[in-house]
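First to last, the protein sequences are chains A and B. Under the working numbering, the residues of the first sequence are numbered 1 to 196, in order. Under the working numbering, the residues of the second sequence are numbered 1001 to 1196, in order. Presented below is the structure to which this report refers.
Number of protein chains: 2
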Amino acid sequence: MPRPDTSSQRRREFAPLLTRAFAELGYRRATTAVLAERCGVQENILYRLWSDKRAMFIASLDHVYQASEAAWAALLVQEGSAASPAERILEYESTHHGEHGLYRIVFAGLSETDDPEIAAALKRLYGRFQRFVQRQVERHRGGPGAATGPDAALAAWAIVGLGTVSNIGRELGLLSAARRRRLVLEAGAMLLGQRA
Amino acid sequence: MPRPDTSSQRRREFAPLLTRAFAELGYRRATTAVLAERCGVQENILYRLWSDKRAMFIASLDHVYQASEAAWAALLVQEGSAASPAERILEYESTHHGEHGLYRIVFAGLSETDDPEIAAALKRLYGRFQRFVQRQVERHRGGPGAATGPDAALAAWAIVGLGTVSNIGRELGLLSAARRRRLVLEAGAMLLGQRA
DNA sequence: ACAAAGAGGAAGTAAACACTTACAATACCT
DNA sequence: AGGTATTGTAAGTGTTTACTTCCTCTTTGT
């Protein structure tokens, strides 16, 4: 038996590079030639790892979620803070949100939602984000029924919307870093509701 | 002098058709061949009205704002309602939001923001929406300083974010119509603040 | 050492695309 | 009526793009 198969390792190695390219250029302009160049290989090597460009994009979407979840998980285990995990995440996102181009790749995907596989990948991504936030809202509030605003699921959606619009404002140069911070923190606190 | 120039009239005639095509297909997939077909003419006719495809897209973005503003203006002049104009707009948007594919075309644009002219058009569009909402928030609240939440400008951004995420949820099949309605109405009321 | 299969490089291909050109037909004004 | 500029049709063009092919080189297990 000659040479073992290292393709899954290489997929993991290329995923962040593909993600950066898609985030910076969007789906259509991230041509396969550019993708290969960013990975430092020839195109056919990417085609040995993924069936087509769409599969590379979906791998990038999945990578985006995993990278974000890893960053958040680190925040959750921080002990000894006066703030609740939800508050810590808001605080973190208010300054670092969008740093990794997460929303650019989501926007790119949202322009391709008539492709069912891309739509499914996006649905997975957004669904996971919303559920993650929802869990934090519930933990923050403690019991059910305490908050005066929308239920935890809807509050989570609104908070995701906050992050989305904050990034649009940044992307278009309509919101400064300081304003984005206030937006996420103040509106976020309001939607989060009273702490248990 | 032969035949008068009717090009500005034709631009107005084609704008909604182009808008629909861009909203349905995104920027890249709305090929010039498709655009011409949707308008019922040959491609070169479009090229006599706009310098290039990008100009057609920018015209669509402008059309989107004008159409939305016209719909909202109709709500503002409605007299005799117990609700404030801001509440009427939330109520309207909670059921009709995204009907005209506004957000799809915005998503398409957000994937093309490295083109400075498209970025400028989007900035115009989002800036106008945010200012419009901000004015309604201010009118709703009456005086300054009354609300406990974020200031009117930030509240307006948060409300725009609510609309955005509501449409993402719809696009991906993650939020039913009823849930979207509750999201916009409940979170919207919260962000709007106390009425003057 | 050596077969077997993975890794890599470079050129090629067919289709799709934005945009153009050439020309015939039509409708306006004097 | 007739000259003129606009409107419409249809074919073309050069480029870009996703994806492939063919080949050589390297690395593994025996």
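Note that beta-carbon positions come from the ideal geometry of N, C-alpha and C, so glycine has one too.
When the Cα atoms are used, what is the spatial distance from residue i to residue j?
i: His63 (chain A); j: Leu18 (chain A); result: 9 Å
i: Ala108 (chain A); j: Arg1141 (chain B); result: 37 Å
i: Ser1176 (chain B); j: Asp1052 (chain B); result: 39 Å
i: Ala158 (chain A); j: Ser84 (chain A); result: 19 Å
i: Tyr1103 (chain B); j: Gly1026 (chain B); result: 11 Å
i: Arg180 (chain A); j: Tyr47 (chain A); result: 40 Å
i: Ser8 (chain A); j: Pro16 (chain A); result: 14 Å
i: Phe22 (chain A); j: Arg54 (chain A); result: 11 Å
i: Leu1185 (chain B); j: Glu186 (chain A); result: 19 Å
i: Gly1098 (chain B); j: Ser1068 (chain B); result: 10 Å
i: Ala70 (chain A); j: Asn1167 (chain B); result: 27 Å
i: Arg1056 (chain B); j: Ile1105 (chain B); result: The question names Arg, but residue 1056 (chain B) in the sequence shown is Met. The straight-line gap from Cα to Cα measures roughly 12 Å.
i: Gly1169 (chain B); j: Gly127 (chain A); result: 9 Å
i: Arg28 (chain A); j: Pro1116 (chain B); result: 17 Å
i: Thr222 (chain A); j: Glu1091 (chain B); result: Residue coverage of chain A in this structure runs from 1 to 196, which leaves residue 222 (chain A) outside it and unanswerable.
i: Leu1122 (chain B); j: Gln1066 (chain B); result: 13 Å
i: Glu1079 (chain B); j: Met1190 (chain B); result: 24 Å
i: Ala1036 (chain B); j: Ala196 (chain A); result: 59 Å
i: Arg1020 (chain B); j: Asp1005 (chain B); result: 26 Å
i: Ile45 (chain A); j: Glu93 (chain A); result: 36 Å
i: Pro150 (chain A); j: Arg1124 (chain B); result: 32 Å
i: Glu43 (chain A); j: Ala30 (chain A); result: 13 Å
Using 8 Å as the limit for Cβ to Cβ distance, is residue i near chain A?
i: Val1064 (chain B); result: no
i: Lys1053 (chain B); result: no
i: Tyr1126 (chain B); result: yes
i: Leu1061 (chain B); result: no
i: Glu1099 (chain B); result: no
i: Glu1087 (chain B); result: no
i: Pro1150 (chain B); result: yes
i: Tyr1027 (chain B); result: yes
i: Val1206 (chain B); result: With chain B represented from 1001 up to 1196, any question about residue 1206 (chain B) goes unanswered, as that position is not in the structure.
i: Ala1119 (chain B); result: yes
i: Ile1045 (chain B); result: no
i: Ala1178 (chain B); result: no
Counting only C-beta atoms, is residue i closer than 8 Å to chain B at any point?
i: Val41 (chain A); result: no
i: Leu162 (chain A); result: yes
i: Leu76 (chain A); result: no
i: Thr113 (chain A); result: yes
i: Met56 (chain A); result: no
i: Val37 (chain A); result: Per the sequence presented here, residue 37 (chain A) reads as Glu, with Val not at that position. No, its Cβ sits nowhere closer than 8 Å to a Cβ of chain B.
i: Phe129 (chain A); result: no
i: Phe132 (chain A); result: no
i: Arg181 (chain A); result: no
i: Leu18 (chain A); result: no
i: Leu172 (chain A); result: yes
Out of the options, point me to the one whose CA is closest to residue i's CA.
i: Ala74 (chain A); options: A:Ile89, A:Leu61, A:Ala152 and A:Val106; result: A:Ile89
i: Gly101 (chain A); options: A:Tyr47, A:Glu117, A:Thr6 and A:Ser60; result: A:Ser60
i: Phe1014 (chain B); options: B:Gly1169, B:Leu1025, B:Arg1038 and B:Tyr1126; result: B:Arg1038
i: Arg131 (chain A); options: A:Val160, A:Ala189, A:Ser81 and A:Arg182; result: A:Val160
i: Val41 (chain A); options: A:Arg11, A:Gln78 and A:Arg135; result: A:Arg11
i: Ala156 (chain A); options: A:Thr148, A:Glu138 and A:Val133; result: A:Val133
i: Thr164 (chain A); options: A:Phe129, A:Glu138, A:Asp151 and A:Ala189; result: A:Phe129
i: Gln1194 (chain B); options: B:Glu1138, B:Trp1050 and B:Leu1076; result: B:Glu1138
i: Leu1162 (chain B); options: A:Leu110, A:Gly188 and A:Trp72; result: A:Gly188
i: Thr148 (chain A); options: A:Ala119, A:Leu192 and A:Leu183; result: A:Leu192
i: Ala86 (chain A); options: A:Ile58, A:Arg135 and A:Asp114; result: A:Arg135
i: Thr1113 (chain B); options: B:Thr1095, B:Glu1093 and B:Ile1058; result: B:Ile1058
i: Gly173 (chain A); options: B:Leu1110, B:Val1077 and B:Gly1173; result: B:Leu1110
i: Ala152 (chain A); options: B:Asp1151, B:Arg1124 and B:Leu1183; result: B:Leu1183
i: Ile1118 (chain B); options: A:His96, A:Ala82, A:Glu171 and A:Asp5; result: A:Glu171
i: His96 (chain A); options: A:Ala178, A:Asp5 and A:Leu125; result: A:Ala178
Is residue i near the ligand FAD - that is, is its Cβ less than 7 Å away from at least one heavy atom of it?
i: Gly1149 (chain B); result: What this structure holds is no ligand at all, so the ligand FAD is not there to describe.
Quick check on residue i: does DSSP put it in helix, strand or coil?
i: Pro4 (chain A); result: coil
i: Gly1098 (chain B); result: coil
i: Trp50 (chain A); result: coil
i: Ala71 (chain A); result: helix
i: Ser1111 (chain B); result: coil
i: Arg195 (chain A); result: coil
i: Asp151 (chain A); result: coil
i: Glu1079 (chain B); result: coil
i: Ala33 (chain A); result: helix
i: Leu17 (chain A); result: helix
i: Gln9 (chain A); result: helix
i: Gln1042 (chain B); result: coil
i: Gly1142 (chain B); result: coil
i: Leu185 (chain A); result: helix
i: Ser84 (chain A); result: coil
i: Leu1174 (chain B); result: coil
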